[in-house]
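Last residue of the sequence shown: number 358 in this note's numbering, and the count goes up by one each step with no gaps.
Built from N, CA and C at the ideal position, the CB exists for glycine as well.
Each remark here refers to the structure printed beneath this line.
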Amino acid sequence: MSAVAVLSASQVGTFSSCSLKWHFRYREKAPEERRSVALVIGSAVDVAIKTGVHLLRSGEVRVEALETERVFQAAWDAELASNKIPIDWGKKGQDGQREMALAVTRAFLDAEDLPERVARIRSLDVRFELPVVDPVTGLEVPGLRLLGFLDAIERTPEGLRPLDYKTAASRAGYDEQSLSTHLQGSLYSWALHQLHPEDATDEMAFQIGLKLKMPMLEDRVVTLGESARRRALLTVLHAHRAMDLGVAFPQPSFLCGGCGYQRRCAGWQDQAGPPLALDPFARAVC
Ligand code: SF4
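Structure below.
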């Protein structure tokens, strides 16, 4: 087994929100009991947007000829075909959720300023895998790498910035205060600085497809400077340490509704042992 740990930004995010969910998904690699519809919509919309943007950037299709519903349907069908676990369609049912996903895709791809949005994109779907740098010492942490995918890199007059496409049921978490320390965004900003030290700015852009009664697209541009990046890197280091120590316990929150491990979580106390004692003088908590 490789001695190098490769953590993704979403892994660290999952661990930060619930270490037990992380344990089920990444350590045990347990199949989820059901798939949340939010993930299905998020994934299909993401693919549809990028397909549309790619068609325009490559010149294969002109903006007036872009067939949003056809692009969306292909992404939706592929998403459902690749899914192997039951989907919780919720009250709206499958047809209602498809309509919502299509409407959100339209908010992105039928936006009046789509050509300007596309013109800002310098690269789409950028994978990175970088050695993690300890922000306190400035040295690479042996055996620890960070993996991620930038939805896009945009060029603005000031330089380069990451762009992330999101879908969300509400604006919660997308206010200025919450975004100023956004973990994934800060890690992506750090990665961009590693990849393009000359051109990277401190800006990060989010395009959010809101699944409201009237679906809409909203933009957020935040500054994720040195302090936000340092906070995110230290979060990775501390999370990694806690993962190594086997920390995993339920952390109930509003996210439980979309968690694919609710049944296992409900019986966790019947399976879990006490935490490991770290030294011969420490007593296990029973
Ligand atoms: S149901 Fe909630 S507390 Fe339990 S594993 Fe999932 S996210 Fe964590």
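Measuring straight from C-alpha to C-alpha, what distance separates residue i and residue j?
i: G210; j: A338; result: 42 Å
i: V293; j: D247; result: 11 Å
i: L305; j: H254; result: 12 Å
i: R170; j: A224; result: 25 Å
i: S325; j: A175; result: 28 Å
i: G245; j: L251; result: 7 Å
i: Q256; j: G297; result: 13 Å
i: E141; j: D167; result: 14 Å
i: H95; j: F87; result: 8 Å
i: M315; j: L327; result: 20 Å
i: L133; j: G345; result: Note on residue identity: the sequence assigns Val, not Leu, to residue 133. Their backbone Cα atoms lie some 58 Å apart in a straight line.
i: R243; j: P234; result: 20 Å
i: F332; j: P229; result: For the record, residue 332 in the displayed sequence is Gly; it is not Phe. For G332 and P229, the distance between alpha carbons rounds to 43 Å.
i: P214; j: P269; result: 22 Å
i: R335; j: E104; result: 10 Å
Pull up the CB-CB distance for residue i and residue j, whole angstroms please, since I reckon it's below 8 Å.
i: S143; j: A120; result: Strictly speaking, residue 143 in this sequence is Val, with Ser absent from that position. 5 Å between Cβ atoms; contact.
i: P200; j: K238; result: One point to set straight first is that residue 200 is Phe, not Pro, in the sequence displayed. About 19 Å; that fails the 8 Å criterion.
i: L261; j: R301; result: Here residue 261 is Ser; the residue named in the question, Leu, does not match the sequence. The pair is a contact, with the Cβ atoms about 6 Å apart (cut-off 8 Å).
i: L128; j: V78; result: Contact doesn't hold; Cβ gap of about 33 Å is too wide.
i: P207; j: R217; result: Incorrect: roughly 16 Å between the Cβ atoms, too far for contact.
i: D185; j: K122; result: Going by Cβ atoms, the distance from D185 to K122 rounds to 18 Å, so no, they are not a contact pair.
i: G162; j: V205; result: About 42 Å; that fails the 8 Å criterion.
Could you name the residues of the same chain whose beta carbon sits closer than 7 Å to that of residue i, not counting the 5 residues immediately before and after it, in chain order?
i: A272; result: G231, L232, L264 and H265
i: P98; result: According to the sequence as given, residue 98 is Tyr; it is not Pro. Taken in chain order, the residues that qualify are Q83.
i: S80; result: L219 and G220
i: V117; result: A173, V176, T177, T239 and G281
i: A179; result: G281, P287, M288 and L289
i: W148; result: A116, R170 and A173
i: S195; result: A224 and I225
If you drop the 5 nearest sequence neighbours on each side, which residues of the same chain put their C-beta closer than 6 Å to that of residue i?
i: V84; result: V308 and A311
i: P158; result: R106
i: L181; result: G124 and T140
i: Q323; result: C90
Spatial neighbours of residue i within its chain, please: CB distance less than 8 Å, with the 5 preceding and 5 following residues excluded, ordered by chain position.
i: Q172; result: Reading the sequence as shown, one finds Met at residue 172 and not Gln. Excluding sequence neighbours, M172 sits near I113, K164, K283 and P287.
i: D291; result: A277, F278, Q279 and I280
i: R303; result: T253 and S258
i: P187; result: L128 and V135
Checklist entry - Could you give the uninterrupted runs of the alpha helix (DSSP H) lying entirely in the segment 185-217, keeping only those of 4 residues or more? => result Listed in chain order, the complete alpha helix (DSSP H) runs (minimum 4 residues) inside the segment 185-217 are 186-192.
Checklist entry - Counting pairs of beta carbons, one from the segment 319-339 and one from the segment 79-93, are three or more of them closer than 8 Å? => result yes
Checklist entry - What are the start and end residues of each continuous alpha helix (DSSP H) run of 4 or more residues lying completely inside the segment 77-149, in chain order? => result 81-89, 91-94 and 109-130
Item to check | Whole runs of the alpha helix (DSSP H) within the segment 232-274, excluding any shorter than 4 residues | outcome: 248-251 and 255-267
Checklist entry - Which runs of the alpha helix (DSSP H) fall wholly inside the segment 271-336 and span at least 4 residues, in chain order? => result 298-316
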